[in-house]
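Q: Can you read through this structure? Questions will come right after.
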Amino acid sequence: MKDTILVIGSSGQIGTELVMKLREMYGNNHLVASDIRPSSLEVMQSGPFEELDIMNEARLHEIVKKHNVTQVYLLAALLSATAEKNIELGWNLNMRSLSHILDLGREKIIKKIYWPSSIAVFGPTTPQLMTPQYTIMEPNTVYGISKQAGERWCEYYFNKFGVDVRSIRYPGLVGWKASPGGGTTDYAVHIFHEALKHGKYESFLNANTTLPMMYMPDAIRATIELMEAPAEQVKIRSSYNVSGVSFKPEEIAAEIQRHLPAFEMSYQEDYRQAIANSWPKSIDDSNAQEHWGWKAEYDLSKMTDDMISNLKEKY
Ligand code: NAD
Ligand code: AKB
Numbered sequence: 036m037k038d039t040i041l042v043i044g045s046s047g048q049i050g051t052e053l054v055m056k057l058r059e060m061y062g063n064n065h066l067v068a069s070d071i072r073p074s075s076l077e078v079m080q081s082g083p084f085e086e087l088d089i090m091n092e093a094r095l096h097e098i099v100k101k102h103n104v105t106q107v108y109l110l111a112a113l114l115s116a117t118a119e120k121n122i123e124l125g126w127n128l129n130m131r132s133l134s135h136i137l138d139l140g141r142e143k144i145i146k147k148i149y150w151p152s153s154i155a156v157f158g159p160t161t162p163q164l165m166t167p168q169y170t171i172m173e174p175n176t177v178y179g180i181s182k183q184a185g186e187r188w189c190e191y192y193f194n195k196f197g198v199d200v201r202s203i204r205y206p207g208l209v210g211w212k213a214s215p216g217g218g219t220t221d222y223a224v225h226i227f228h229e230a231l232k233h234g235k236y237e238s239f240l241n242a243n244t245t246l247p248m249m250y251m252p253d254a255i256r257a258t259i260e261l262m263e264a265p266a267e268q269v270k271i272r273s274s275y276n277v278s279g280v281s282f283k284p285e286e287i288a289a290e291i292q293r294h295l296p297a298f299e300m301s302y303q304e305d306y307r308q309a310i311a312n313s314w315p316k317s318i319d320d321s322n323a324q325e326h327w328g329w330k331a332e333y334d335l336s337k338m339t340d341d342m343i344s345n346l347k348e349k350y
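Numbering (my numbering), first residue to last: 36 to 350.
Following this line, the structure appears as structure tokens:
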């Protein structure tokens, strides 16, 4: 029998794109989208959607039963910047949502789980260049602490209860289809919209802040490649480092100026600068390469070309 997938957090930056890709692969009726708020028109109209607050475990069980769900992609979370503003909700949502889903795996109600981690698991004492898979991890944000704890729980449930849970430490994601949801890397999406609409952008990170990033088509492909890999190839059950492209605000501004020569960039650091300063600048993803064949396709200039041509059409 074909699997039925539940995506929780289908209205967000990743969910908006991942749902459509999974519907293409599994068939529209085998992908149930869900979120606390409505998703994009495309998502709402192409297959089933259920309103779900993931804190409500009874409602989660009802949806899983109703649709005979066998796989869950858990995307609902508070991201780094938003979680710093509401630490209680950040911790409760990020941890309780994961424990509700891991328990479905432990009870053998579902057979496969995807849960994303983040480069936010690293902290100021982590080596920042080509950050290894295994290294010092002392995150100093509530978001990073919740992702690190989540990784430990995933590995624990795999080792103790045989739960097939898989995870990627995404870098900052850049895409044109949906707005980002309150992260420190959001500037790298906003900059394109502001460049096309107003010809200028004020960055909340300083010009020199290098961060690991990834273009959304690469991120969606990494997610699906990991989830489709034979179980024995998935040797890391905490979360995999993956690398896309690293750049700083002044470099992305220069790329945009190739397309829009009059574009002006200015800088005004805010509280997100300290978060960015604690994160790696580049990531060593050799385990993901060796175990399940990961390789990113987009560099900064290919990503910028694609973002600008799609957004020009959108506006
Ligand atoms: P997002 O903020 O864009 O989307 C999250 C979605 O979760 C939103 O649509 C929101 O409505 C929904 N949600 C919030 N509370 C909920 C609740 N109680 N019940 C159900 N739904 C709820 O986030 P995203 O960028 O799509 O990220 C998805 C996952 O990937 C998160 O775990 C995030 O930490 C991780 N991640 C994202 C990035 C990135 O750059 N986007 C990088 C690293 C990791
Ligand atoms: C954020 O900035 O919070 C996210 C992430 C890297 O986890 N984009």
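Every residue, glycine too, gets a C-beta built ideally from N, C-alpha and C.
With a 10 Å radius around its C-beta and 16 neighbouring C-beta atoms as the bar for buried, classify residue 206 as buried or exposed.
A: buried
Q: Could you say which of 124, 140 and 46 lies nearest to residue 96 if we only look at CA atoms?
A: 140
Q: Indicate, with yes or no, if the ligand NAD has a heavy atom lying under 6 Å from the CB of residue 72.
A: yes
Q: Measuring only from the beta carbon, is residue 238 closer than 6 Å to any heavy atom that is part of the ligand NAP?
A: Looking for the ligand NAP in the displayed structure turns up nothing; the ligands present are the ligand NAD and the ligand AKB.
Q: Take residue 50 as the anchor and find which of 333, 111, 101 and 190 has the nearest alpha-carbon.
A: 111
Q: Quick one, are the C-beta atoms of residue 216 and residue 114 less than 7 Å apart?
A: yes
Q: At 4 residues or longer, what runs of the alpha helix (DSSP H) sit wholly inside the stretch 281-343?
A: Under the rule that a run must span 4 or more residues, the alpha helix (DSSP H) segments found entirely inside the stretch 281-343 read 284-294, 307-312 and 321-327.
Q: How many Å lie between residue 223 and residue 212 at the Cα?
A: 14 Å
Q: Cutting at 7 Å between CB atoms, please list the residues of its own chain near residue 64, excluding the five before and the five after it.
A: 82 and 83
Q: Can the beta-carbon of residue 164 be found less than 7 Å from the beta-carbon of residue 283?
A: no
Q: Taking 7 Å as the cut-off, decide whether the C-beta atoms of residue 195 and residue 152 are in contact.
A: no
Q: Smallest Cα separation from residue 305: which of 173, 169, 59 and 241?
A: When each option's Cα is compared against that of residue 305, the closest is 241.
Q: Whole angstroms are fine: how far does the CA of residue 308 sit from the CA of residue 180?
A: 18 Å
Q: May I have the straight-line CA-CA distance separating residue 280 from residue 130, to the nearest angstrom?
A: 29 Å
Q: Please list, in chain order, all residues with a C-beta atom less than 7 Å from at least one heavy atom of the ligand AKB.
A: Listed by position along the chain, the residues with Cβ atoms less than 7 Å from a non-hydrogen atom of the ligand AKB are 114, 115, 116, 153, 154, 155, 178, 205, 206, 207, 208, 215, 218, 219, 220 and 221.
Q: Please give me, in chain order, every unbroken run of the alpha helix (DSSP H) with length at least 4 that falls completely inside the stretch 143-208.
A: 177-196
Q: Is residue 167 close to chain D? Criterion is C-beta to C-beta, closer than 7 Å.
A: Reference to chain D is not applicable here, since this structure consists of a single protein chain.
Q: Using three-state DSSP, classify residue 71 as helix, strand or coil.
A: If DSSP states are grouped into helix, strand and coil, residue 71 belongs with coil.
Q: Ignore the nearest five residues each way along the sequence and tell me which others in residue 313's own chain have a CB closer than 6 Å to its CB.
A: 158, 159 and 175
Q: Three-state secondary structure (DSSP) at residue 121?
A: coil
Q: When we look at the beta-carbon of residue 62 and count the other beta-carbons within 10 Å, is it buried (16 or more) or exposed?
A: An exposed status is given to residue 62, since fewer than 16 other beta-carbon atoms sit within 10 Å of its beta-carbon.
Q: Look at residue 331 and residue 244 and say whether their C-beta atoms are less than 7 Å apart.
A: no
Q: Going by DSSP, which residues form a beta bridge with residue 250?
A: 209
Q: Can you grab the Cα-Cα spacing for the pair residue 117 / residue 263, in whole Å?
A: 32 Å
Q: Assign residue 106 to one of two classes, buried (16 or more other C-beta atoms within 10 Å of its C-beta) or exposed (fewer than that).
A: buried
Q: Could you work out which residue in 46, 120 and 342 is closest to residue 73 when comparing CA atoms only?
A: Nearest of 46, 120 and 342 to residue 73, Cα basis: 46.
Q: Nearest-angstrom Cα distance between residue 302 and residue 237?
A: 5 Å
Q: How many whole angstroms separate the CB atoms of residue 208 and residue 48, which I take to be in contact at a CB cut-off of 8 Å?
A: 6 Å
Q: Should residue 273 and residue 186 be called a contact, given that it needs their Cβ atoms to be closer than 7 Å?
A: Taking the C-beta atoms as reference points, residue 186 is found nearer than 7 Å to residue 273.
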